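Quick note, the numbering used here runs 305 ahead of the 1-based positions in the sequence shown. For glycine and all other residues, C-beta sits at the position ideal for the given N, C-alpha and C. Being a predicted model, the structure only gives us computed values, none of them experimental.
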Amino acid sequence: MARGHNKSCHFCGSDKKIDYKDLRTLNRYLTDRGKIIPRRITGNCSKHQRDITKAIKRARTVALLPYVKE
């Protein structure tokens, strides 16, 4: 069975911070329907995937991101 390439976390080893107000970064982790893309596809580590999920949910709560895209 062929293996895919090794995905690495975009936030480990860099000085990028996850912020709920940074919509450009958060939109990278949403599908065109507005669902959060899972870790196995994004390649993030579990810690940063949790942080991204919290930031997306916080941005949805304060109406910066929609819950559902049409």
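With 16 other Cβ atoms within 10 Å as the buried cut-off, status of residue i
| i | result |
| --- | --- |
| A368 | exposed |
| I323 | buried |
| Y372 | exposed |
| N332 | exposed |
Inter-residue CB distance, residue i and residue j (contact presumed, cutoff 8 angstroms)
| i | j | result |
| --- | --- | --- |
| L370 | I357 | Rounded, the Cβ-Cβ distance is 12 angstroms, inconsistent with contact. |
| R344 | S351 | 7 angstroms |
CB of residue i within 7 angstroms of CB of residue j, strictly
| i | j | result |
| --- | --- | --- |
| R365 | Y325 | no |
| G339 | K374 | yes |
Residue i Cβ short of 6 angstroms to the ligand GDP heavy atom set
| i | result |
| --- | --- |
| I342 | This structure lacks the ligand GDP; in fact it carries no ligand of any kind. |
Point to revise | Sequence ranges, alpha helix (DSSP H) only - wholly within the segment 310-360, length at least 4 | key: 328-332 and 344-347
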